[in-house]
Amino acid sequence: MMGIAAGCTGDLSALEPAGPSAASIARLWWVMLIVSLLIFSLVIGLFLATVFVPGFGRRISAQSWIGGGGIALPLPILFVLTLYAFWQGEHLLRGGGSLSPDTIRIEALATRWNWQFAYLDLPGAPLTHGTLHIPAGRTVEIAVTSEDVIHSLWIPRLGGKIDAVPGHTTFLRLRADTPGRYAGQCSEYCGTGHAGMRFEVLAHAPEDYPTALDYQEDQ
Amino acid sequence: MINPIISIMAGFLLWSVLFVTLYGVQATGCHLAGLDVSTIGNRPALRAVLVALFLVSFAVIILFHRRARRRRMRRDSGNDMDAFSREVATHVWLGAAIATPLCFGGVIWLTLCGT
Amino acid sequence: MIEEDMKNPSPVALHKAFERVWGTPPGLARLAAVNHNIIGKRFMLTALVFFAIGGLLAMLIRTQLASSESAFMDAEQYAQVFTMHGSIMMFLFAIPFFEGVAIYLLPKLLGTRDLAFPRLTAYGYWCYLFGGSMLIAALIGGVAPNSGWFMYPPLSSNSYSPGINADVWLLAITFVEISALAAAIEIMVTVLKLRAAGMSLDKMPIFAWYMLVVAAMMLVGFPPLIIGSVLLELERAFDLPFFDPGRGGDPLLWQHLFWLFGHPEVYIIFLPAAGAISTILPVFAGAPLAGYRLIVAALVAMAFLSFGLWVHHMYAVGIPHVALSFFSAASALVAVPTGIQIFAWLATLSQGRPRFSVPMLHILGFMFTFVIGGLTGVMLAIVPFDWQAHDTHFVVAHLHYVLVGGFVFPMLAAAYYWLPHLSGRQPVQHLSQAAFWMLFIGFNVTFFMMHLTGLRGMPRRIFEYPVESGWETLNFISSMGSFVMTMGFALVALDFILLFRFGRRFRRNPWRAGTLEWAMATPPPSYNFASLPSIERRADLLDPDQLGSQLASGKGYLGVPRQARMELLAVEMLSGTPEHVVRLPRRTFLPLWTAAATGCFFLSLLFKLYWLTPITFASIILLFLLWSGDTAEKTDVGSLPVGRGRKLPPHIEMARPPSWWAMIFALAADATAYVSLLFGCLFLWVSAPNWPPQQVPHVESTGPAIAAIALVTAAWAGRSAAARSPHAVGWLALTGIAHLVAAATLIWLATAALPDPRSHALASSVFVVLAYAALRSGLGIIISGYGIWRIRSGYVSQRRSVDLRLGRLWHDFSAIAGLTAAGFPFVMASLACELSR
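Residue numbers (my numbering), protein chains in the order written: chain A, 2 to 220; chain B, 33 to 147; chain C, 5 to 841.
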């Protein structure tokens, strides 16, 4: 992808998306990168030209320089970018799709320094520690909180992160397109165990999901 | 004659007041509406209040910008300091007029409460 | 000693006379120095020492991260290292360094001899030195703060950070922030009142506009952090649950207060650097700065916008999307005023004939680096992208690009540009280009990789990472780059040392600039100008060489030292018309003692020696009161001749001297702190869990009514006192008694009429608001008493009424604060009961 394929992969890479949320964000990233390269080249090019090319731009008035470069150039780009981003944000809040009643509900509890998951839609399922079981191809809504300090739940290949704040419950909606194993980690400094506070996400084929937890042990 | 320093700041001062008001009303409104678990549903009453605040303030800022621009065009004699403050104030009002719809237009369509 | 009626003294004789009055002798007397040249240099040098320490910590970080699962440091050591790296760079290097530049340069650029309150400058320096030393001492002692430079609770609360590490941060940073607020007040008053005659606001050097805006931002931006730190320290020391969700507190309150400071902070760091570029670039372009008015408008826009960005550090905490959109749009929009400045610089270059110089090389470095940082900043302003990039090394890359690009490179340009002024010597230049390129290349190799590392999932603040993560190569490259960057900095330091040792001396104005700081000998004399200039053109289009010789022979204002006093010309704020003469106080050890007392106050809190706290607090008040003796006069002086046939009154006989404005700005900062506190309490009602509490305060109206009446009486009596100066002893006594009643009532309300503040955040919030107001009334008693003392000592007359006018401002403010506080229990109680969830 984009020629730097080997450098962008990785279990925790946001640039190797495995779900619609992450894919949408990755696409946005590449567009922003290209536009940034263009703007950077333009500004630095102009700077070098004004310094090294005698008389470059002298006939353009100061008002035009400033109005053109400082206002007319960035404003439309920023306008379009933010509007798109707002639309995309609404889309991502619903897990990259529209909210439907068959969203799988999971509760995540962050502790020092592990993750505990409860499965509201699998009655009788045990709590799991350090492993999150989800069905592939369906939107999952994770209600996140913490029992001690602020942590953050992040599964880069599936989507953005959400903080786990004690006293609050926050929500993250994600979907994994295909079955597989995806890595996750805490992304808010929570003490000396922060670096090791990882977890993994097992996305099961939808038909295997209801019985998945019968056989899994805690990590 | 308003102190020129105040008139230079006035545009964004008003923008700041609008910012605090909208954010405060949004947060208080969501709180008063009751926090159901995981709701990103519609809240028409709150949205109406926010949109009204936004539109009224936007109109006021535009009016002030035009007023500033008229004053600047009209009196092009007068001392340097006055001309300076009128020009800068006009620019600042324009900046506020551009910033307002960009920053607050979201009240028309974005999720008001919940995550 | 020159007699005032001596005609045509020679420049040499004038110089000697002025140095006698303005100079600081060597030896122990240097500790009593109040001259801005000395203190500005101290700030800069001390900031560079802290920079070196912070840089050393950065090298430790890079060494640790160069390999996966490195055994170099453990998690706890690493936590102290990264926390201190950030804290030192942000609080002990960046802001103090540009404060030093401003302290040194502003009076010269403005055409005056010193800042408005030289002793306050000295006090600010000592507070900075002592506060910074507290932090370094903690680092050496292994008890440095370790919860990250933004210290989020509950991690930084008592339960998860027992020990004094977090307390060191909270108290030492607050100590240093006092220094910054003092500098901010002083810069605002100096820029507004102490300019050259004829320098109206539209003729000011652009750097003065930048500093004026920055100082205003500091006044509004720092108080929220101070309030947050006070609340967290109160929670840690006395268990008042502001951030404890179990008892109605909210960890998010800290984040809002911190970032409300934290975001403007980075613009406070960037703007002075941009101001330096706006000053330096036109000189090497050979054309005047284009778009002066547009730049001023952009600065105003940027200042306000920067206060509307803070939640972009909090996109992941669960705030509703519409609210996030306010901050996202504003964060993106701030690129426009930034772009206006950049294109103004390009326009300036296009109109002139640019020439090469080492400062221009660093401006190239700035342009390249800062534009990259700005572009990644716009990316991070976008909420969905930030949901991936937040708290990863992508942010680390971004922040270093904007801070190193937007601050370090411009400051190096400024250093190369103004070191000749400071030292009187020109750069040796052999090393300068090599140093720049090492720095530039090293920096980019270190931090460019981090964009990719972050997007590949590497979070911030991890001390090790598994081999399988695939981040090792990138991190190793970053670490190699950091060693090159360090060598670059070492070469820069060597370059400066060589300048001081071997640089050629030069005649004036090596850069052929048009600003006032070059209209004097270099290195500059203590007094800057032997006589003060009058200007009619914009202050970057002047002829310093011609002006310099004119002023040195005494042809400007105040061209003769009078009665061995240091005198400055104060002007009307807008037009620059000469208005009065400021007679500065003399060199004294008082700032040093007062800072030492302040340090003892903070140490007593740190080591929980609470019996010592009121004693040190009282000594601080007493020492500050002693400051007032030096400028006092027992008789009206009347108008003084200032040269060029004019006579102006002295500042103590003015209705609004500089100290009056200082009080206004100090009260603005105080009001910001108070409003942050009140909004913080309301925030808890809206956002915190476990509301309402079991015990809602039920406050009868008698207490608040008494307080209200007393406060209104105090304000009214204070006004009457000021109006009837000097026959005001009775009124002042009434003011003092009214304040006493108010303070006592507020304290009684806080302690006896409320439930235990430790039980719930509602109770602790109301408690702190009442205590805040009580403190202000308490100080009101002291201020009334001070007024009486001054009248009795003969220092007050109808014209010399400043003491009473300052008092009036205080009494008005404390009345408003107190009335709000008196009503606050009712507000919170009704919100909690009737409108709760």
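By construction, the Cβ of each residue, glycine as well, lies at the ideal position given by its N, Cα and C atoms.
Exercise. Are the C-beta atoms of B/T60 and some chain C residue less than 7 Å apart?
Worked result: Closer than 7 Å: yes.
For this session: Taking C/A622 as the reference, give the member of C/V217, C/F179, C/D634 and C/A601 with the closest Cα.
Result: C/A601
Exercise. For C/I386, which residues in chain A fall below 8 Å Cβ to Cβ?
Worked result: L29, M33, L82, T83 and A86
Exercise. Apart from the five residues on each side of it in sequence, which residues of its chain come closer than 7 Å, Cβ to Cβ, to C/V408?
Worked result: T373 and F447
Problem set entry | For A/D164, the residue or residues it bridges with in DSSP | A/S153
For this session: Output, in chain order, the set of chain C residues within a Cβ distance shorter than 8 Å of A/W114.
Result: Within chain C, no residue comes near A/W114; the closest Cβ sits about 10 Å away, beyond 8 Å.
Exercise. Going straight from the alpha carbon of B/G146 to that of C/Y319, what length do you get?
Worked result: 13 Å
For this session: Anything in the segment 316–331 of chain C with a Cβ closer than 8 Å to a Cβ of chain B? List those residues in chain order, please.
Result: G322, I323, P324, H325, V326, A327, S329 and F330
For this session: Tell me where the alpha helix (DSSP H) around C/C685 begins and ends.
Result: Per DSSP, C/C685 belongs to the alpha helix (DSSP H) from P662 to S691.
Exercise. Which residues in the same chain have their Cβ closer than 6 Å to the Cβ of A/Y210, if we skip the five residues on either side of it in sequence?
Worked result: A distance below 6 Å between beta-carbons, with the five flanking residues on each side excluded, links A/Y210 to the following residues of its chain, in chain order: P136.
Problem set entry | From C/L435, C/A351 and C/L223, residue whose alpha carbon lies closest to that of C/I182 | Ranking C/L435, C/A351 and C/L223 by Cα distance to C/I182 puts C/L223 first.
For this session: Counting only the same chain and skipping the five closest in sequence on each side, list residues whose C-beta sits under 8 Å from that of C/V172.
Result: M138, L139, A142, V147, A148, P149 and L610
Exercise. Run through DSSP, which three-state label would C/K651 get?
Worked result: In the displayed model, C/K651 falls within a strand according to three-state DSSP.
Exercise. Can you name the residues of chain C whose CB is closer than 8 Å to the CB of A/L94?
Worked result: Result: H325.
Exercise. Taking the alpha-carbon positions, what's the A/R106 to B/P36 distance?
Worked result: Whole-angstrom Cα-Cα distance: 58 Å.
Problem set entry | Contacting positions in the segment 178–203 of chain C - beta carbon closer than 8 Å to chain B | none
Problem set entry | Classification of A/V141 by the beta-carbon crowding that lies within 10 angstroms, buried from 16 upward | Under this definition A/V141 is a buried residue.
Problem set entry | chain A contacts from the segment 402–424 of chain C (Cβ-Cβ distance under 9 Å) | none
For this session: For C/L205, return the contacting residues in chain B, with the cut-off set at a CB-CB distance below 8 Å.
Result: P36, I37, M113, F116 and S117
For this session: In the DSSP assignment, find the unbroken beta strand (DSSP E) run with A/E108 in it and report its ends.
Result: I105 to A111
For this session: For A/T171, return the contacting residues in chain B, with the cut-off set at a CB-CB distance below 7 Å.
Result: T147
For this session: Identify, in the order they occur along the chain, each residue of the same chain with its Cβ nearer than 8 Å to the Cβ of C/D634, setting aside the five sequence neighbours on each side.
Result: P589, R590 and T592
For this session: Spell out the partners DSSP gives C/M570 in its beta bridges.
Result: C/L588
Problem set entry | Straight-line Cα distance separating B/I140 from C/L682 | 29 Å
For this session: Note down the Cα distance separating C/Q802 from C/L114, rounded to an integer number of angstroms.
Result: 32 Å
Exercise. B/T143 touches chain A at which residues, Cβ-Cβ below 7 Å?
Worked result: E91 and L94
For this session: Compare the C-beta of C/G377 against all C-beta atoms of chain B and say whether one is closer than 7 Å.
Result: no
Problem set entry | Distance between C/L688 and A/T170 (C-alpha atoms, nearest Å) | 16 Å
Exercise. Under a CB-based cut-off of 7 Å, is C/G252 close to chain F?
Worked result: In the structure shown, chain F cannot be found, because the protein chains are A, B and C.
Problem set entry | Counted within 10 angstroms of its Cβ, other Cβ atoms place C/I99 as buried (16 or more) or exposed | buried
For this session: Note down, in chain order, each residue of its chain lying with its Cβ closer than 7 Å to the Cβ of C/P292, except the 5 sequence neighbours on either side.
Result: Here the set comprises P286, D544 and L545.
Problem set entry | Contact list for the segment 181–197 of chain A against chain C, Cβ threshold 7 Å | Q186, S188, E189, Y190, C191, G192, T193, H195 and A196
Problem set entry | Members of the segment 544–556 of chain C that neighbour chain B once the beta carbon cut-off is set at 7 Å | Residues passing the 7 Å Cβ filter: none.
Problem set entry | Contact list for B/V124 against chain C, beta-carbon separation under 8 Å | A301, V304 and A305
Exercise. Okay, do the segment 87–105 of chain A and the segment 181–201 of chain A touch, 3+ Cβ pairs below 8 Å being the bar?
Worked result: Contact annotation: the segment 87–105 of chain A does not touch the segment 181–201 of chain A, with fewer than three C-beta pairs closer than 8 Å.
Problem set entry | Where B/A129 meets chain C, residues with beta-carbon distance less than 9 Å | Residues of chain C passing the Cβ test: none, with the nearest at roughly 11 Å.
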